[in-house]
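A.B. asks:
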Amino acid sequence: MRQVLRLLGLFASYWKWMLGGLLLSVVTFLADVGLMALAGWFIASMAIAGLTGTPFNYFIPAAAIRGLAICRSLGRYLERLVTHETAFRLIARLRVWLYDRLEPLAPARLQAYRSGDLLSRLGADIDALDNFYARLLTPVAGAVAGCAICVLFLCRYSVSAALITLGFLILAGAVTPFSVERLGAPTGEHLVEVSSRLRSQVIEGLQGMGELRVYQATERQARFIEEETRDMLRYQARMSRLNGFSEGVVGLLADLAMWFSVIMIIPLTVSGDLRGPDLAMIALFILTVFEAVAPLPNAFQMLGHTLTAARRLFALADARPAIREPDSASREPERFSIDIRGLTFRYAPAGPSVLKHINLKIEEDQRLAVIGPTGSGKTTLAHLLLRFWEYEEGEIILGGRPLKSYRSSDIRRKVAVVSQDSHLFNTTIRENILLANLNASEGRMIQAAKAAQLHDFVRSLPESYDTFVGEMGVKLSTGQIRRVAIARALLKNAPMVILDEPTEGLDPMTEKKVMEALLALMQGRCALLITHRLVGLEAMDEVVILENGEIVEQGGHADLMRKSAHYRRYHNLRFTWTP
Amino acid sequence: MSRHAISASVTLRLLSGFLLIVQAWFLARVVHGVVIERLELSQVLPWMWVLLAVFPLRAFLAWLSEQASFLASARVKEAIRGRLFRHVHALGPEYLYGKRTGGLANTLIDAVEALEPYYARYLPQASLAALIPLSMLVFVLGVDWRSALVLAISGPLIPLFMIIIGKGAERLNQKQWKKLARLSAHFLDVIQGLTTLKLFNVSREEAKVVAQVSDEYHHSVMAVLRVAFLSSLALEFCSTLGVAMVAVLLGFRLLWGGIDFQSAFFVLLLAPEFFLPLRKLGASYHARMEAIGAAQGIVAVLNTPVPAPTRGTKTLKIDGGLHVVFQDVRYAYEGNRVALSGFNLRIKPAETLALVGPSGSGKSTVSSLLLNFLRAQKGTITVNGINLYDLAEDHWLSHVAWVPQRPHMFHGSIAENIRLGRPDADMDRVIEAARRAGADAFIRDLPLGYETPIGEGGRALSGGQRQLIAIARAFLKDVSLMILDEATANLDPETQEQTQRALAELARGRSALIIAHRLSTVRMADRIAAMVGGRVVEEGSHDELLALEGTYARMIKAYRSAI
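Those protein sequences? They're chains A and B, same order as listed. Letter by letter, the first sequence follows residues 3 to 581 in my numbering. Letter by letter, the second sequence follows residues 87 to 649 in my numbering.
#1: When burial is assigned at 16 or more other CB atoms within 10 Å of the CB, is residue 144 of chain A buried or exposed?
#2: Evaluate residue 306 of chain B with the Cβ neighbour count: other Cβ atoms within 10 Å of its Cβ, from every protein chain shown; 16 or more gives buried, anything less gives exposed.
#3: Confirm, please, whether the CB-CB distance from residue 534 of chain A to residue 503 of chain A is below 8 Å.
#4: Which residue spans inside the region 549-622 of chain B form an unbroken beta strand (DSSP E) run of at least 3?
#5: Comparing alpha-carbon positions, which option in A/298, A/409, A/375 and A/27 lies nearest residue 179 of chain A?
#6: Would you list the one or two residues that DSSP bridges to residue 553 of chain A?
#7: Rounded to the nearest angstrom, what separates residue 648 of chain B and residue 449 of chain B at their Cα positions?
#8: Going by DSSP, which residues form a beta bridge with residue 345 of chain A?
#9: Could you tell me which chain B residues have their CB closer than 9 Å to the CB of residue 323 of chain A, listed as they occur along the chain?
#10: Using beta carbons (cut-off 8 Å, strictly below), is residue 160 of chain B in contact with chain A?
#11: Does the distance from the CB of residue 271 of chain A to the CB of residue 281 of chain A come in under 8 Å?
#12: CA-CA distance, residue 273 of chain B and residue 478 of chain A?
#13: Go to residue 1 of chain A, then tell me how far its beta strand (DSSP E) extends in each direction, as first and last residue.
#14: When DSSP labels each residue in this structure, what does residue 574 of chain A get in the three-state scheme?
#15: Is it buried or exposed, residue 580 of chain A, if we count other Cβ atoms within 10 angstroms and call 16 or more buried?
#16: Cβ of residue 582 of chain A within 8 Å of Cβ of residue 44 of chain A?
#17: Would residue 490 of chain A be called buried (16 or more neighbouring beta carbons within 10 Å of its own) or exposed?
#18: Output yes or no for whether 8 Å exceeds the beta carbon distance between residue 573 of chain B and residue 491 of chain B.
#19: When the Cα of residue 358 of chain B is compared with those of B/385, B/324 and B/403, which residue comes out closest?
#20: Name the chain B residues that come within less than 8 Å of residue 94 of chain A, Cβ to Cβ?
#21: Is it buried or exposed, residue 36 of chain A, if we count other Cβ atoms within 10 angstroms and call 16 or more buried?
#22: Using the Cα positions of residue 229 of chain B and residue 139 of chain A, report the straight-line distance between them to the nearest angstrom.
#23: Considering only the beta carbon of each residue, do residue 316 of chain B and residue 86 of chain A sit closer than 8 Å?
#24: At 8 Å on the CB atoms, spell out the chain B contacts of residue 220 of chain A, in chain order.
#25: Could you pull the start and end residues of the beta strand (DSSP E) that residue 503 of chain B belongs to?
#26: Return the CA-CA distance between residue 455 of chain B and residue 579 of chain B, expressed in angstroms with no decimal places.
#27: Taking only heavy atoms of the ligand ATP into account, decide whether any of them is closer than 7 Å to the Cβ of residue 34 of chain A.
#28: Whose C-alpha, out of B/457, B/383 and B/163, is nearest the C-alpha of residue 489 of chain B?
#29: Specify, as a first and last residue, the run of the beta strand (DSSP E) that residue 428 of chain B falls within.
#30: So what does DSSP say about residue 402 of chain B, is it helix, strand or coil?
#31: Measure the alpha-carbon distance for residue 483 of chain B versus residue 217 of chain A and round it to whole angstroms.
#32: Can you give me, in chain order, the residues of the region 406-432 of chain A that have a beta carbon less than 7 Å from any beta carbon in chain B?
#33: Helix, strand or coil for residue 292 of chain B per DSSP?
#34: For residue 214 of chain B and residue 99 of chain B, which I take to be in contact (beta-carbon distance under 8 Å), what is that distance rounded to the nearest angstrom?
#35: Can at least three beta-carbon pairs, one atom from the region 379-390 of chain B and one from the region 163-176 of chain B, be found at a separation below 8 Å?
#36: Give me the residue from B/361, B/346 and B/612 with the minimum Cα distance to residue 119 of chain B.
And the structure:
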């Protein structure tokens, strides 16, 4: 319920649109009911007039019937337009709001969303909320308003019929959908479980296809999938039975409401309290009123999904940013050097320490390389330097002042980063490179591209720098993506450089050349290179081995080769060729 | 089978429709009785009882009809999914190259599910949209031919309008769906790249872009929808006005005594029901479109021809081990990306051969050919003198084991994963294999040991641990040819040395092909073949190749091997 209120609060500024859609929906409904009821009343009156010969003003009712028909059709059309317009606006608002809340959370709180799975769930959740207004809110509110008006109208003729109708309406519109939803909830949960198991089996079957074939386990996998499908169908059949029941019951209740009301009304007609045509009118009236509750079972079912989606989105948006920005503007650093003292860091208060008592210094024009196995804390170090995460123990001094005294945006302005997950956006190569400096000239951009060993490749593409890349465009290889990222970093021309596995996925020829470009990039700047490829370490001023969050060796390459057996072990395991 | 279910569904719904006509008749009788004949309640009560009996019967038949349609769609889904999966597997890993698993999984799961509304809803409704109105028309005709005429004229207008406006809207609809897809893709793209945006300090401005993009698409899509909704306007118009016309005409005829009230009321009760199936069809048209879209994806996969299976029936004699010869082999991906050309290689029995070369030189293609994932397009591959493609495929694979670069852990326990190739192996043999692979130690350290669930939803193992389990798999299968693809990630001297020791042990006494990346791995091979551009350029031992001062020597020197 809280989610619903929050959502409504979010959409509050569009209340006029939402109300408009609702009104149109109610008006259309009333026109529909009115049409059938009036038609029944009309022909009954005409029949009596014909038989008894009493004069009857038929112009007005006849015209009204046609008028109501037009009103209903147009009403439905306008209602659709307004509803869709409103839904668009609401979703746009949702996206902007969500973006505003997510922006300060990146990347710390959004780590998990880099992969496709959770990301597509985010997309699905937003789409689920699309239904909130059109398929949930409007039908429910419309049904309540419309039925209330209709019941009140019935009271004019027979309070008992009105009450009977109200009772059946509540049974059909609230009790039935609610009970069916409750009855179906455990099956629904099973379905979700089974579907996700099925998806895993299928994906496994595809990703592990090679091994399944070689180890001759394909048929077993196929049988697992068939079993899961049969399971899923069993649950779906149960849902189908429930849903069918729900639909059938609603229709039955409509018929019963009409039947009981007719039983009530006949004596009144006989005794003269009500007229004959009134009976005809009321019968049709009641049958048609139940059309308002027809979409409600569906709406109830959607309620569950929608609320879950809303809950997830709000939980995401409510997360607190990982860092606290200083209130005052940052001052310029005296010099661009980094001094790390006793840095200890853990991601969660109760979690393991990812970095332990790190002491490091990188002077203004020094190049430091950090090597070590995956998960040793290398990337965490880079993230802390970029103020993506807040450290509590120890200190990082940037240019003479604590890192925390700087605004994170000011820090990032002074650092160029190339990492394994440098993202290319769904736009042109040019736009992707110019992200670093929107005002850079074409010449400077090409210069950066050349230094990144990118230029010749781009020229070979039919649309050159105007080629669209990313998900919807041309698929670039990892190496090519990396080179665009490097061109970006070169263009940025920042005093500090952080490189996180920059040559991962490049073949040796390209790697050598790119390393040259990167070394040139690092020239005269405070530079941190994180790598496990152990290439070009001779050109670095200092090398640090980080294992399990601790520095185990430190020194120049030549020195370490002489003195440290551990370093030599690393050296022996370096690559000859890239994968 | 599902065709029977659909016919059953249609028949049941039709029966339900007849009951509706019966219902309308009796209701008209009652109302006529009270309004015109001035009957008392007790006199019309018998007809009321009939009505009371018909209501639940009609609802029950409708319910049965729904279940029959579900059954139809269930059969279809089960059959198609099984077929799809087996077909994809028959197509083999070659088919998967360059495709995203996610997309294919969607076809196997979501596209198949999308077929349901088509079979369960649209198909039955398509027949009913003709049958029910027709049967109602017959009854109305029997009572009042003028009303029947109005209905007969306005009824067909609905599908007519649906088709006219619908076709245009259909084309526009597809563009619209693509636009909507791009809109949500843009948002997700931005979220995924938020870190990058922050690094370049443009993340704040991006909020404006999000709003702007939403706006643009909103307007263009609404323009399309306005036209699409016109078809539903026409539909509603025809049906609603049709009912209104019937009512008005009936009224006037009643006034002038041309028809009795009972018949008129009966017709009025049926009029909206006449149009209902047609309107429902319009609503389920959308389901049809989605299903067609989904079906296209499915058909595309099913129509991809399966490469001719190795129809071979010969068997191998393994006495002296396996001797593999590649002669002048050529393979090009998708016809034009040449990976191997004029490729010659010999793997001698019980010999460890290291295959080295830069990325793109064709190394993984070689292993794919040996594993029968791909078929050589030119040249021959022979094993102990017999052509690989003359061997029964299952028979060949039973002599090969593979440790890939990134081994896949399947949903199940560690023991089950090791047993992949020999599901009936007893626990002792599993433990022995794990021991020889050097995996036993870390497995015993885990709280559940060999029963630890891994794979999707299980415990996440490190890259090194996965490698060791994959090596244990190979040990357990215990075959004559090992194809080993050295992992390149996760530099950690302990684990890497362990893996190398395990690989060396695995290769001992068998034919082994190792795609090597590390110098130390290369050094453990009996012979080295250096590949460049799809062919072997140098062959020999490490020292021989160094002496040649060719490609291999240059590569080694470039990384300054100190050993």
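Every residue gets a Cβ at the ideal spot worked out from N, C-alpha and C, and that includes glycine. Here the structure is a predicted model, which means the values were calculated and not measured.
C.D. replies: Concretely, from the data shown:
#1: As a position in the first sequence, residue 144 of chain A is number 142, starting the count at 1. Answer is buried; the Cβ neighbour count reaches 16.
#2: Counted from its first residue, the second sequence places residue 306 of chain B at position 220. Classification of residue 306 of chain B: exposed, given that the 10 Å Cβ count is below 16.
#3: Taking the first sequence and counting its residues from 1, the one referred to as residue 503 of chain A is at position 501. Taking the first sequence and counting its residues from 1, the one referred to as residue 534 of chain A is at position 532. The answer is yes: Cβ separation under 8 Å.
#4: 567-571, 597-601 and 613-618
#5: Here residue 179 of chain A refers to the residue found at position 177 when the first sequence is read from its first residue. It is A/298 whose Cα lies nearest to the Cα of residue 179 of chain A.
#6: For the purposes of this step, residue 553 of chain A is identified with residue 551 of the first sequence, where counting begins at 1. DSSP, once it has assigned bridges, lists A/548 as partnering residue 553 of chain A.
#7: In the second sequence, the residue the question calls residue 648 of chain B occupies position 562. In the second sequence, the residue the question calls residue 449 of chain B occupies position 363. Below a pLDDT of 50, predicted positions are generally treated as unreliable, and residue 648 of chain B, at 35, falls in that range; no measurement from the model is reported.
#8: Start at 1 with the first residue of the first sequence, and residue 345 of chain A comes out as number 343. BP columns for residue 345 of chain A point to A/360.
#9: The sequence position of residue 323 of chain A within the first sequence is 321, counting from 1. Near residue 323 of chain A there are no residues of chain B at all, since even the closest Cβ is about 12 Å away, more than 9 Å.
#10: Here residue 160 of chain B is taken as the residue at index 74 of the second sequence, counted from 1. Closer than 8 Å to some Cβ of chain A, the Cβ of residue 160 of chain B qualifies, so yes.
#11: By 1-based counting over the first sequence, the position of residue 271 of chain A is 269. By 1-based counting over the first sequence, the position of residue 281 of chain A is 279. Yes, the Cβ-Cβ distance between residue 271 of chain A and residue 281 of chain A is below 8 Å.
#12: The sequence position of residue 273 of chain B within the second sequence is 187, counting from 1. The sequence position of residue 478 of chain A within the first sequence is 476, counting from 1. So the two alpha carbons sit approximately 21 Å from each other.
#13: This structure cannot speak to residue 1 of chain A, because chain A is shown only from 3 to 581.
#14: Position 572 of the first sequence, counted from the start, is the residue given in the question as residue 574 of chain A. Helix at residue 574 of chain A.
#15: Residue 580 of chain A sits at position 578 when you count from the first residue of the first sequence. Since pLDDT at residue 580 of chain A reaches only 48, below the 50 mark, its modelled position is unreliable, and the value read off the structure follows with that caveat. Looking at its Cβ environment, which holds 16 or more other Cβ atoms inside 10 Å, residue 580 of chain A is buried.
#16: An answer regarding residue 582 of chain A cannot be provided, because it is not within the stretch 3 to 581 covered by chain A.
#17: To locate residue 490 of chain A, count along the first sequence from 1; it is residue 488. The residue is buried, with at least 16 neighbouring Cβ atoms inside 10 Å.
#18: The count along the second sequence starts at 1 and reaches residue 573 of chain B at position 487. The count along the second sequence starts at 1 and reaches residue 491 of chain B at position 405. Yes, Cβ-Cβ distance for residue 573 of chain B and residue 491 of chain B is below 8 Å.
#19: Along the second sequence, read from residue 1 onward, the residue named residue 358 of chain B stands at position 272. Among B/385, B/324 and B/403, the Cα nearest to that of residue 358 of chain B is on B/324.
#20: The residue labelled residue 94 of chain A in the question sits at position 92 within the first sequence. The answer, in chain order, is 297, 300, 301 and 304.
#21: The residue labelled residue 36 of chain A in the question sits at position 34 within the first sequence. Burial call: buried.
#22: Residue 229 of chain B sits at position 143 when you count from the first residue of the second sequence. Residue 139 of chain A sits at position 137 when you count from the first residue of the first sequence. Roughly 44 Å between the two C-alpha positions.
#23: As a working mapping, residue 316 of chain B is identified with position 230 in the second sequence. As a working mapping, residue 86 of chain A is identified with position 84 in the first sequence. Not in contact: residue 316 of chain B and residue 86 of chain A (Cβ atoms no closer than 8 Å).
#24: Indexing the first sequence from 1 puts residue 220 of chain A at position 218. Result: 175.
#25: For the purposes of this step, residue 503 of chain B is taken as residue 417 along the second sequence, with counting starting at 1. Taken as a continuous stretch (DSSP letters only), residue 503 of chain B belongs to no beta strand (DSSP E), being part of the alpha helix (DSSP H) at 500-504.
#26: Mapped onto the second sequence, residue 455 of chain B falls at position 369. Mapped onto the second sequence, residue 579 of chain B falls at position 493. Each residue's Cα considered, the two are about 32 Å apart.
#27: Inclusion of the ligand ATP in the displayed structure is not the case, the ligand content being empty and no account of it being possible.
#28: Residue mapping note: residue 489 of chain B aligns to position 403 of the second sequence, counting from 1. It is B/457 whose Cα lies nearest to the Cα of residue 489 of chain B.
#29: Counted from its first residue, the second sequence places residue 428 of chain B at position 342. Looking at the DSSP string, the run of the beta strand (DSSP E) that includes residue 428 of chain B is 423-433.
#30: One-based indexing of the second sequence puts residue 402 of chain B at position 316. In this structure, residue 402 of chain B counts as coil in the three-state DSSP scheme.
#31: Within the second sequence, the letter at position 397 stands for residue 483 of chain B. Within the first sequence, the letter at position 215 stands for residue 217 of chain A. Taking the straight line joining both Cα atoms gives about 8 Å.
#32: 411, 414, 415, 419, 424, 425, 427 and 428
#33: Here the question's residue 292 of chain B lines up with position 206 in the second sequence. Three-state DSSP puts residue 292 of chain B in a helix.
#34: Stepping through the second sequence from its first residue, residue 214 of chain B is reached at position 128. Stepping through the second sequence from its first residue, residue 99 of chain B is reached at position 13. Their Cβ separation, rounded to whole angstroms, is 5 Å, which keeps residue 214 of chain B and residue 99 of chain B in contact under 8 Å.
#35: yes
#36: Counting from 1 along the second sequence, the entry for residue 119 of chain B is found at position 33. It is B/346.
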